[in-house]
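Asks: For the sequence shown, counting from 1, position 310 maps to 310 in full-length UniProt numbering; every step adds exactly one. Just passing along the structure, written as structure tokens.
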Amino acid sequence: MEGVDQQIYHCIESTLSPDPNLRSKGERTLRSLESQQGFSSLLLHLISLHSIPIHIRQAASVYLKNSVKRNWESNELISNQDKSQLKSNLITIMLQCPSIVRKQLSEMLSIIAEQEFPQSWPDLLPELTSKLNQTLNALQKQSDSVVWETLQGLLYTLQSLFDRYRYKFRSDELFTEIKYSLELIQVPLTQCFGLVSEIALHSKYSSEVVSFVFDVLESCVTIFHSLCWQDLPEYFEDHMNQWMNAFLSFLSFENAQIEGSIDDLEPSCVDKLHAVILEVCDLYERKYEEEFRPYLQNIISACWSLLVKRGSAPKYDLIATRGIAFLTTVSKSPDFGLFQDVAILQQICEKIVIPNVELRDEDEELFEDNPLEYIRRDMEGSDAESRRRSAVELVKGLLIKFEEPVTKTFSAYVNSMLTQYASNPSVNWKSKDSAVYIVTALGWKSGTQTSGATETSRLVDIVDFFKSQIAPELISASSNSIPFPVLIADAIRFTTLFRNQIPTELLLQVVNCCQTLLACPIVVIHSYAAICIERLLTVKDQVTEGVTQRYVLRFGQVQLLPILPSLLASLFALIAPGKPENEYVMRCVLRVIVTSQTSIAPQLS
Numbered sequence: 001m002e003g004v005d006q007q008i009y010h011c012i013e014s015t016l017s018p019d020p021n022l023r024s025k026g027e028r029t030l031r032s033l034e035s036q037q038g039f040s041s042l043l044l045h046l047i048s049l050h051s052i053p054i055h056i057r058q059a060a061s062v063y064l065k066n067s068v069k070r071n072w073e074s075n076e077l078i079s080n081q082d083k084s085q086l087k088s089n090l091i092t093i094m095l096q097c098p099s100i101v102r103k104q105l106s107e108m109l110s111i112i113a114e115q116e117f118p119q120s121w122p123d124l125l126p127e128l129t130s131k132l133n134q135t136l137n138a139l140q141k142q143s144d145s146v147v148w149e150t151l152q153g154l155l156y157t158l159q160s161l162f163d164r165y166r167y168k169f170r171s172d173e174l175f176t177e178i179k180y181s182l183e184l185i186q187v188p189l190t191q192c193f194g195l196v197s198e199i200a201l202h203s204k205y206s207s208e209v210v211s212f213v214f215d216v217l218e219s220c221v222t223i224f225h226s227l228c229w230q231d232l233p234e235y236f237e238d239h240m241n242q243w244m245n246a247f248l249s250f251l252s253f254e255n256a257q258i259e260g261s262i263d264d265l266e267p268s269c270v271d272k273l274h275a276v277i278l279e280v281c282d283l284y285e286r287k288y289e290e291e292f293r294p295y296l297q298n299i300i301s302a303c304w305s306l307l308v309k310r311g312s313a314p315k316y317d318l319i320a321t322r323g324i325a326f327l328t329t330v331s332k333s334p335d336f337g338l339f340q341d342v343a344i345l346q347q348i349c350e351k352i353v354i355p356n357v358e359l360r361d362e363d364e365e366l367f368e369d370n371p372l373e374y375i376r377r378d379m380e381g382s383d384a385e386s387r388r389r390s391a392v393e394l395v396k397g398l399l400i401k402f403e404e405p406v407t408k409t410f411s412a413y414v415n416s417m418l419t420q421y422a423s424n425p426s427v428n429w430k431s432k433d434s435a436v437y438i439v440t441a442l443g444w445k446s447g448t449q450t451s452g453a454t455e456t457s458r459l460v461d462i463v464d465f466f467k468s469q470i471a472p473e474l475i476s477a478s479s480n481s482i483p484f485p486v487l488i489a490d491a492i493r494f495t496t497l498f499r500n501q502i503p504t505e506l507l508l509q510v511v512n513c514c515q516t517l518l519a520c521p522i523v524v525i526h527s528y529a530a531i532c533i534e535r536l537l538t539v540k541d542q543v544t545e546g547v548t549q550r551y552v553l554r555f556g557q558v559q560l561l562p563i564l565p566s567l568l569a570s571l572f573a574l575i576a577p578g579k580p581e582n583e584y585v586m587r588c589v590l591r592v593i594v595t596s597q598t599s600i601a602p603q604l605s
């Protein structure tokens with residue numbers, strides 16, 4: 001393979017070319033070289049050379065990672081000799097590379113480890129552990145960026161290696177591997193976390209290493225999380241005090257210079273550390289509540305303070321969702337009694353739920369600029385980690401044990417928000433938006449997005465709220481004049497979710513309102529209207545005939561026939577040539593055709 005180094009270099013360079021022909025040629029040539037003996041080692045050697053431009057090294061590392069992912073299981077494409085050389089050299093080279101290259105090599109290592117570790121790669125973890133101990137010794141003597149970068153690389157690699165323990169099915173083989181890993185890593189990991197925690201909390205460090213310090217802490221906590229995912233290791237149980245006390249210290253840690261501006265779009269390194277700590281606390285409360293109980297009260301207080309101090313800025317979203325998820329877990333656990341005081345419930349509503357349910361400027365922008373993503377999050381539930389969804393889940397969690405006091409407390413805030421809206425709708429329309437979301441959480445006991453609410457709270461009169469707050473919004477809305485589009489979307493969403501509870505006599509009125517809104521140019525509104533009609537046409541009631549029972553459509557062929565021509569015209573107008581694709585409108589069209597049965601023929605002709 002004489003000259004192949006140069007050939008590989010030019011091929012990698014070609015894959016970055018803006019010329020598609022040159023790029024395609026480079027990719028084809030690399031593919032043809034993959035099966036040649038020594039290809040992976042030569043590519044890794046190229047990546048290791050500091051004289052090579054960083055963008056070439058990064059592209060080469062991405063290509064090598066993908067090549068390993070495609071071909072590792074095949075001895076024909078990557079020989080055993082090449083595999084052995086790659087495993088022997090990978091860690092040393094990886095730790096000498098810049099972070100953007102190291103990240104790719106670390107991910108490649110985890111791909112190989114998935115197939116090889118520990119049986120066919122017994123040296124992997126001992127080598128990583130040995131280098132970790134060496135680096136910790138060096139850190140105690142000198143705290144420069146080179147040592148920190150090495151430590152960061154090692155921990156990121158260990159993080160990638162152990163991450164799979166979170167999604168593996170429980171088995172004897174898995175627990176044998178975890179036990180093997182723990183025997184090697186639990187002591188140095190705890191020592192590393194203790195040493196770096198001491199530095200972060202009590203030492204002065206230069207601005208050039210501050211991000212390394214908190215990145216290392218984040219990786220330590222993430223690794224700890226993965227190792228505890230399946231079961232609570234005995235060593236970590238014995239040293240829980242060391243970990244939990246540090247968690248408490250960091251949850252109250254503040255440093256304005258490190259945390260940056262509130263206007264930053266991305267969370268700071270401290271924010272990320274807070275988030276992973278809260279995630280571990282959530283795991284411990286779910287699975288190891290007895291061992292975790294001595295620390296729970298203080299952790300809740302620290303979490304509470306953190307959530308209240310952090311505002312609604314997007315950079316704090318991760319902290320908000322993880323913190324609220326932790327409180328939700330507590331509300332469903334045997335420790336739910338910590339929330340039973342009415343004063344605490346009022347504080348939760350006022351300080352935690354309402355601020356995180358409120359519509360933000362970012363949500364309004366999404367509504368206007370990316371309507372399909374807004375629909376996926378709001379209607380389809382893809383916003384599993386949004387502030388709103390987390391706050392709603394907290395309300396539902398509290399309702400399990402404290403239905404009456406929670407409903408009474410939150411209803412008072414709902415009434416206050418509706419009064420604010422009524423006093424000045426143009427200024428306070430967001431108050432009604434929040435009220436509708438909270439009532440949805442209070443009223444919903446069971447159901448799915450597909451079937452709607454199948455059981456509602458006896459303490460919340462869904463029909464009365466629909467008649468007094470939802471129906472007026474739908475009736476007053478016209479396709480050309482909608483002062484508060486989000487409120488109309490809220491009204492349609494509420495109707496869709498609680499469609500099973502809407503009385504039969506109101507269904508035609510609702511369908512007519514939605515049909516009118518199909519002509520609205522706002523994508524979210526006419527899409528929601530189509531979704532609502534489609535779902536209403538699936539609602540069935542149980543009918544008893546003699547000794548038999550059957551289910552009939554509440555709004556079926558007979559009820560649909562009078563409005564069928566105009567409804568089809570409105571729907572087809574939305575999918576006419578030149579109109580953007582809309583899957584929700586298409587589903588509605590199909591549902592109308594299925595429901596109308598033979599009645600559709602005259603309309604189509």
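Backbone N, C-alpha and C fix where the C-beta goes; we use that ideal spot for every residue, glycine too.
Which parts of the stretch 142 to 221 are runs of the alpha helix (DSSP H), unbroken and 4 residues or longer, counting only runs that do not cross its ends?
Replies: 145 to 162 and 172 to 202
Asks: In terms of residues, what are the limits of the beta strand (DSSP E) holding LEU553?
Replies: In the sequence shown, counting from the first residue as 1, residue 553 sits at position 553. Where LEU553 is concerned, the enclosing beta strand (DSSP E) stretches over 548 to 553.
Asks: Going by other Cβ atoms of all chains shown within 10 Å of its Cβ, with 16 needed for buried, is LYS204 buried or exposed?
Replies: By 1-based counting over the sequence shown, the position of residue 204 is 204. LYS204 should be labelled exposed.
Asks: Exposed or buried, MET1, counting other C-beta atoms within 10 Å across all chains shown (16 or more means buried)?
Replies: As a position in the sequence shown, residue 1 is number 1, starting the count at 1. Its pLDDT being 38, under 50, MET1 is placed unreliably by the model, and the measurement read from it follows with that caveat. So MET1 ends up on the exposed side.
Asks: Assuming contact is defined by CB atoms lying nearer than 7 Å, are ALA182 and VAL196 in contact in what I supplied?
Replies: Here residue 182 corresponds to residue number 182 of the sequence shown, with the count starting at 1. Here residue 196 corresponds to residue number 196 of the sequence shown, with the count starting at 1. The displayed chain sequence assigns Leu, not Ala, to residue 182. Result no, Cβ atoms of LEU182 and VAL196 do not sit closer than 7 Å.
Asks: Is it the case that the stretch 412 to 426 contacts the stretch 364 to 374, given that we only count it when at least three CB pairs across the two stretches are under 8 Å?
Replies: These segments do not touch.
Asks: Can you list, in chain order, the stretches of the beta strand (DSSP E) that have 3 or more residues and sit fully within the stretch 444 to 507?
Replies: 444 to 448 and 452 to 456
Asks: What does the alpha-carbon distance come out to for the pair GLU393 and TYR288?
Replies: As a position in the sequence shown, residue 393 is number 393, starting the count at 1. As a position in the sequence shown, residue 288 is number 288, starting the count at 1. Their Cα atoms are separated by approximately 21 Å.
Asks: Of the choices ILE258, ALA256, LEU265 and SER305, whose alpha-carbon is the least far from that of LEU278?
Replies: Locating residue 278 in the sequence shown gives position 278, where the first residue counts as 1. Taking only the C-alpha atoms, the option nearest LEU278 is SER305.
Asks: Once DSSP output is grouped into helix, strand and coil, what is the label at LYS579?
Replies: For the purposes of this step, residue 579 is taken as the residue at position 579 of the sequence shown. Coil, per DSSP.
Asks: Decide if GLY578 is buried, meaning its Cβ has at least 16 other Cβ atoms within 10 Å, or exposed.
Replies: To locate residue 578, count along the sequence shown from 1; it is residue 578. So GLY578 counts as exposed.
Asks: Determine the direct distance from the alpha carbon of LEU459 to that of ASN356, and round the result to whole angstroms.
Replies: Within the sequence shown, residue 356 is the residue found at index 356, counting from 1. Within the sequence shown, residue 459 is the residue found at index 459, counting from 1. For ASN356 and LEU459, the gap between their C-alpha atoms comes out near 24 Å.
Asks: So what's MET1 in DSSP terms, helix, strand or just coil?
Replies: By one-based count along the sequence shown, residue 1 stands at place 1. At MET1, the pLDDT of 38 sits below 50, so the modelled position is not reliable and the matter cannot be decided from this model.
Asks: Can you tell me whether GLN81 is helix, strand or coil according to DSSP?
Replies: Reading the sequence shown from its first residue, position 81 is the one you call residue 81. Three-state DSSP puts GLN81 in a helix.
Asks: To the nearest angstrom, how far is it from the Cα of PRO188 to the Cα of SER130?
Replies: Here the question's residue 188 lines up with position 188 in the sequence shown. Here the question's residue 130 lines up with position 130 in the sequence shown. The straight-line gap from Cα to Cα measures roughly 9 Å.
Asks: Please report the residue range of the beta strand (DSSP E) in which GLU107 lies.
Replies: Working through the sequence shown from its first residue, we reach residue 107 at position 107. GLU107: not part of any beta strand (DSSP E); member of the alpha helix (DSSP H) spanning 99 to 116, first to last residue.
Asks: Alpha carbon to alpha carbon, how far is VAL62 from PRO98?
Replies: Mapped onto the sequence shown, residue 62 falls at position 62. Mapped onto the sequence shown, residue 98 falls at position 98. Cα to Cα, VAL62 sits roughly 14 Å from PRO98.
Asks: Got a sec? Which residues, its chain only, sit under 6 Å from ARG591 by beta carbon, not counting five neighbours each side?
Replies: Here residue 591 is taken as the residue at index 591 of the sequence shown, counted from 1. These residues qualify, in order along the chain: GLU534 and LEU537.
Asks: Beta carbon of CYS532, beta carbon of ILE492: below 7 Å?
Replies: Locating residue 532 in the sequence shown gives position 532, counting from the first residue. Locating residue 492 in the sequence shown gives position 492, counting from the first residue. Yes, the pair counts as a contact, with Cβ atoms nearer than the cut-off.
Asks: Which of helix, strand or coil does DSSP assign to GLN37?
Replies: In the sequence shown, the residue the question calls residue 37 occupies position 37. The answer is coil: DSSP assigns GLN37 none of H, G, I, E or B.
Asks: THR363 lies in the alpha helix (DSSP H); which residues open and close that run?
Replies: As a position in the sequence shown, residue 363 is number 363, starting the count at 1. Reading off the sequence shown, one finds Asp at residue 363, where the question assumed Thr. That run of the alpha helix (DSSP H) goes 361 to 369.
Asks: Please confirm if the stretch 279 to 286 is in contact with the stretch 318 to 338, defined as three or more CB-CB distances below 8 Å between the two stretches.
Replies: yes
Asks: Indicate the three-state DSSP secondary structure (helix, strand or coil) for ILE119 in the structure shown.
Replies: In the sequence shown, the residue the question calls residue 119 occupies position 119. Looking at the sequence provided, one finds Gln at residue 119 rather than Ile. Coil, per DSSP.
Asks: Going straight from the alpha carbon of ARG387 to that of ASN80, what length do you get?
Replies: Sequence index remark: in the sequence shown, residue 387 carries index 387 (1-based). Sequence index remark: in the sequence shown, residue 80 carries index 80 (1-based). Using only the alpha carbons, I get a separation of about 50 Å.
Asks: Can you look up THR329 in the DSSP assignment and give me helix, strand or coil?
Replies: Looking up residue 329 in the sequence shown gives position 329. THR329: helix per DSSP, three-state reduction.
Asks: Let me check understanding here. Comparing Cα to Cα, which of GLN420, ASP238, ASN75 and CYS228 lies closest to PHE162?
Replies: Position 162 of the sequence shown, counted from the start, is the residue given in the question as residue 162. Of the listed residues, the one whose Cα sits closest to PHE162 is CYS228.
Asks: Which two residues bound the contiguous alpha helix (DSSP H) that contains ASP309?
Replies: Taking the sequence shown and counting its residues from 1, one reaches residue 309 at position 309. Reading the sequence as shown, one finds Lys at residue 309 and not Asp. Under the DSSP assignment, LYS309 falls in the alpha helix (DSSP H) whose first and last residues are 289 to 309.
Asks: Kindly indicate which three-state DSSP category VAL543 falls into: helix, strand or coil?
Replies: Within the sequence shown, residue 543 is the residue found at index 543, counting from 1. In the structure shown, VAL543 sits in a strand (DSSP, three-state: E or B).
Asks: Leaving out five residues on either side along the sequence, give the residues of the same chain with a beta carbon under 6 Å from the beta carbon of ARG514.
Replies: Residue numbering aside, residue 514 sits at position 514 when the sequence shown is read from its first letter. Here residue 514 turns out to be Cys, not Arg, going by the sequence shown. Contacts found: ALA529, CYS532 and ILE533.
Asks: How long is the line joining the alpha carbons of PHE402 and LEU508, rounded to whole angstroms?
Replies: For the purposes of this step, residue 402 is taken as residue 402 along the sequence shown, with counting starting at 1. For the purposes of this step, residue 508 is taken as residue 508 along the sequence shown, with counting starting at 1. LEU508 has its alpha-carbon roughly 37 Å from the corresponding atom of PHE402.
Asks: Need the endpoints of the alpha helix (DSSP H) that PHE572 sits in, please.
Replies: On the sequence shown, residue 572 is found 572 positions in, with the first residue counted as 1. Note, PHE572: alpha helix (DSSP H), 564 to 574.
Asks: Okay, do the stretch 222 to 242 and the stretch 251 to 270 touch, 3+ Cβ pairs below 8 Å being the bar?
Replies: no
Asks: What are the uninterrupted segments assigned as beta strand (DSSP E) that are 3 or more residues long and contained completely in the stretch 362 to 433, given in chain order?
Replies: none
Asks: In chain order, what residues of the same chain lie with their CB nearer than 8 Å to the CB of GLY265, ignoring the 5 residues before and after it?
Replies: Position 265 of the sequence shown, counted from the start, is the residue given in the question as residue 265. According to the sequence displayed, residue 265 carries Leu and not Gly. Here the set comprises PRO314 and LYS315.
Asks: ILE488 to VAL414, Cα distance in whole Å?
Replies: In the sequence shown, the residue the question calls residue 488 occupies position 488. In the sequence shown, the residue the question calls residue 414 occupies position 414. If you take the alpha carbons of ILE488 and VAL414, they lie about 18 Å apart.
Asks: Among the candidates GLY546, LYS103 and ILE352, whose CA atom is the shortest distance from the CA of LYS65?
Replies: Mapped onto the sequence shown, residue 65 falls at position 65. Closest in C-alpha terms to LYS65, from the list GLY546, LYS103 and ILE352, comes LYS103.
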